[in-house]
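S.K.:
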Amino acid sequence: MSNVSELPVVDCEMLADGAAWVDGRIVPIAEASIPVTDWGFTRSDVTYDVVHVWHGRFFRLEDHLDRFERSCRALRLDPGLDRDAMREVLMTCVRRSGLREAYVEMLCTRGVPRPGSRDPRLAKNRFMAFAIPFVWVLSPEIQARGGHLTISDVPRIPPQSVDPTVKNFHWGDLTRGLFQAYERGADTAVLVDMEGFVSEGPGFNVFCVRDGRVVSPGGTVLEGITRATVRELCELVGIPFSLGRVTPDELRDADEVFLSSTAGGIMPISRVDDRVLSNGRPGAVTTRLRDLYWVKHDEGWHGTDVDY
Ligand SMILES: Cc1ncc(COP(=O)(O)O)c(C=O)c1O
Numbered sequence: 046m047s048n049v050s051e052l053p054v055v056d057c058e059m060l061a062d063g064a065a066w067v068d069g070r071i072v073p074i075a076e077a078s079i080p081v082t083d084w085g086f087t088r089s090d091v092t093y094d095v096v097h098v099w100h101g102r103f104f105r106l107e108d109h110l111d112r113f114e115r116s117c118r119a120l121r122l123d124p125g126l127d128r129d130a131m132r133e134v135l136m137t138c139v140r141r142s143g144l145r146e147a148y149v150e151m152l153c154t155r156g157v158p159r160p161g162s163r164d165p166r167l168a169k170n171r172f173m174a175f176a177i178p179f180v181w182v183l184s185p186e187i188q189a190r191g192g193h194l195t196i197s198d199v200p201r202i203p204p205q206s207v208d209p210t211v212k213n214f215h216w217g218d219l220t221r222g223l224f225q226a227y228e229r230g231a232d233t234a235v236l237v238d239m240e241g242f243v244s245e246g247p248g249f250n251v252f253c254v255r256d257g258r259v260v261s262p263g264g265t266v267l268e269g270i271t272r273a274t275v276r277e278l279c280e281l282v283g284i285p286f287s288l289g290r291v292t293p294d295e296l297r298d299a300d301e302v303f304l305s306s307t308a309g310g311i312m313p314i315s316r317v318d319d320r321v322l323s324n325g326r327p328g329a330v331t332t333r334l335r336d337l338y339w340v341k342h343d344e345g346w347h348g349t350d351v352d353y
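Numbered continuously in our numbering, the sequence shown closes out at residue 353.
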């Protein structure tokens with residue numbers, strides 16, 4: 046691989062919308078592309094991870110790199126870069142974009158098959174990364190009033206088929222849920238698992254608060270790094286936290302509901318289907334955790350400075 050820090054400098058203005066690292070080169074995000082025959086595209090044969098940068102600092106960078114490396118191993122993908130090189134690529138994407146608040150994604154696709162071959166072992170895997178302006182699962186305006194969540198009847202792909210702890214592009218179910226949400230006038234949707242328990246939504250874990258205790262579905266979901274942060278924040282302030290099964294009725298009847306994602310942090314929900322929660326506003330426990338989440342960011346908690 047080329048020495049990342051010695052890559053030719055591209056005009057910074059061209060990179061303000063985002064910078065990508067593709068095939069050893071930094072390019073403007075609009076020019077970042079892969080061949081149409083890459084199995085990452087034609088078969089969703091890919092894994093990825095997303096870390097964010099807030100006020101010029103990565104949040105939990107090493108945890109995201111850990112999960113990405115685990116996912117690559119699980120899918121027998123070889124990004125072809127060691128940990129230090131990947132970290133430097135991510136740094137370079139952010140540095141070149143100049144973004145202080147960014148959504149930073151790393152991906153590894155199966156790659157292009159050998160001509161005439163259908164053997165995934167023979168494809169050369171492809172690592173890519175990019176930094177674009179920060180992305181919110183729920184916009185700050187929606188968060189101010191609390192999001193409207195619907196419980197979709199679309200079941201999440203069973204974990205026996207696609208391991209949800211390996212971050213993947215099998216989003217057909219999640220996207221169906223999202224369209225269902227829009228049809229129902231909601232902001233987003235949470236899916237159920239094959240047994241009818243609440244699982245996760247397009248890009249987030251879900252939580253309910255009942256009698257001062259926070260519960261989030263375990264088992265059939267991505268082990269969100271923001272979910273781990275929620276657990277740590279709960280421990281810091283003495284709020285009981287557990288993973289467990291949550292039924293749709295329990296979610297509708299909760300005192301409070303919130304979502305968590307690298308793309309937006311801790312995000313309040315004020316309505317689940319027709320049920321209005323905490324007087325239609327973000328709840329007290331949610332607000333406490335959310336405020337702490339951002340204060341901790343400002344203090345540099347779990348932070349890694351970007352060397353602009
Ligand atoms: C399906 C799914 N669940 C949960 C999450 C939340 O994970 P994290 O907090 O690590 O961003 C994501 C993040 O993109 C996701 O795609």
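Where is the CB? At the ideal position from N, CA and C, for every residue including glycine.
Whole angstroms is fine: what's the gap from residue 243's alpha carbon to residue 138's?
M.R.: Approximately 36 Å, taken between the alpha carbons.
S.K.: Is residue 116 near ligand 1, judged by its Cβ being under 7 Å from some heavy atom?
M.R.: No, the beta carbon of residue 116 sits no closer than 7 Å to any heavy atom of ligand 1.
S.K.: Mapping DSSP to helix, strand and coil, what is residue 340?
M.R.: Three-state result, residue 340: helix.
S.K.: Using only alpha-carbon positions, find the residue among 93, 100, 102 that is nearest to residue 111.
M.R.: For residue 111, the nearest C-alpha among the options comes from 93.
S.K.: Given a threshold of 16 other Cβ atoms within 10 Å of its Cβ, counted over all protein chains shown, does residue 46 qualify as buried or as exposed?
M.R.: At residue 46 the pLDDT is 45, less than 50, meaning the model places this residue with poor confidence; the figure from the coordinates comes in the next sentence. Per the 10 Å Cβ criterion, exposed.
S.K.: Kindly indicate which residue of 267, 285, 121, 235 has the alpha-carbon position closest to the one of residue 109.
M.R.: Selected option, being the one with the closest Cα: 267.
S.K.: Taking 5 Å as the limit, name every residue whose beta carbon sits nearer than that to some heavy atom of ligand 1, in sequence order.
M.R.: In chain order, the hits are 245, 248, 250, 267, 269, 270, 271, 306, 307.
S.K.: With C-beta atoms as the reference, is residue 302 less than 8 Å away from residue 288?
M.R.: Not in contact: residue 302 and residue 288 (Cβ atoms no closer than 8 Å).
S.K.: Determine the contact status of residue 136 and residue 66, defining contact as a CB-CB distance below 8 Å.
M.R.: Their beta carbons are not under 8 Å apart, which means residue 136 does not touch residue 66 by this criterion.
S.K.: Just the C-alpha distance for residue 281 and residue 184, rounded to the nearest angstrom, thanks.
M.R.: Each residue's alpha carbon lies about 27 Å from the other.
S.K.: In angstroms, rounded to a whole number, what distance separates the CA positions of residue 294 and residue 349?
M.R.: C-alpha separation (whole angstroms): 41 Å.
S.K.: Run the CB neighbour count on residue 167, radius 10 Å, all protein chains shown included, and call it buried at 16 or more, exposed below.
M.R.: Exposed.
S.K.: Could you please give the first and the last residue of the uninterrupted beta strand (DSSP E) stretch that includes residue 154?
M.R.: Its beta strand (DSSP E) spans residues 147–154.
S.K.: Does the Cβ-Cβ distance between residue 269 and residue 306 come in under 8 Å?
M.R.: In this structure, residue 306 lies closer than 8 Å to residue 269 by Cβ.
S.K.: Taking 8 Å as the threshold, find out whether the stretch 182–202 comes into contact with the stretch 114–133 through three or more Cβ pairs.
M.R.: No: fewer than three Cβ pairs fall under 8 Å.
S.K.: Quick one, which of 260, 279, 342 has its alpha-carbon nearest residue 299's?
M.R.: If we check each option's Cα against that of residue 299, 260 comes out closest.
S.K.: Closest by CA to residue 85, which one among 226, 152, 247?
M.R.: Per the Cα distances, 152.
S.K.: What are the complete beta strand (DSSP E) segments, minimum 3 residues, inside the stretch 251–325?
M.R.: If we require 3 residues or more, the beta strand (DSSP E) runs fully inside the stretch 251–325 come out as 258–262, 286–289, 301–306, 310–317.
S.K.: For residue 148, count the other beta carbons within 10 Å of its own beta carbon; 16 or more makes it buried, fewer makes it exposed. Which is it?
M.R.: Label assigned to residue 148: buried.
S.K.: Nearest to residue 308 by alpha carbon, out of 217, 224, 177?
M.R.: Answer by Cα proximity: 177.
S.K.: Kindly provide the ranges of any beta strand (DSSP E) runs that are 3 or more residues long and lie completely inside the stretch 137–204, ordered along the chain.
M.R.: As far as the stretch 137–204 is concerned, its whole beta strand (DSSP E) runs of at least 3 residues are 147–154, 171–178, 192–200.
S.K.: Let me check understanding here. Comparing Cα to Cα, which of 215, 198, 272, 182 lies closest to residue 241?
M.R.: It is 198.
S.K.: Looking at C-alpha atoms only, which residue of 102, 83, 87 is the closest neighbour of residue 360?
M.R.: Nothing about residue 360 can be read from this structure; the chain reaches only from 46 to 353.
S.K.: Can the beta-carbon of residue 182 be found less than 8 Å from the beta-carbon of residue 248?
M.R.: Yes, they are a contact pair.
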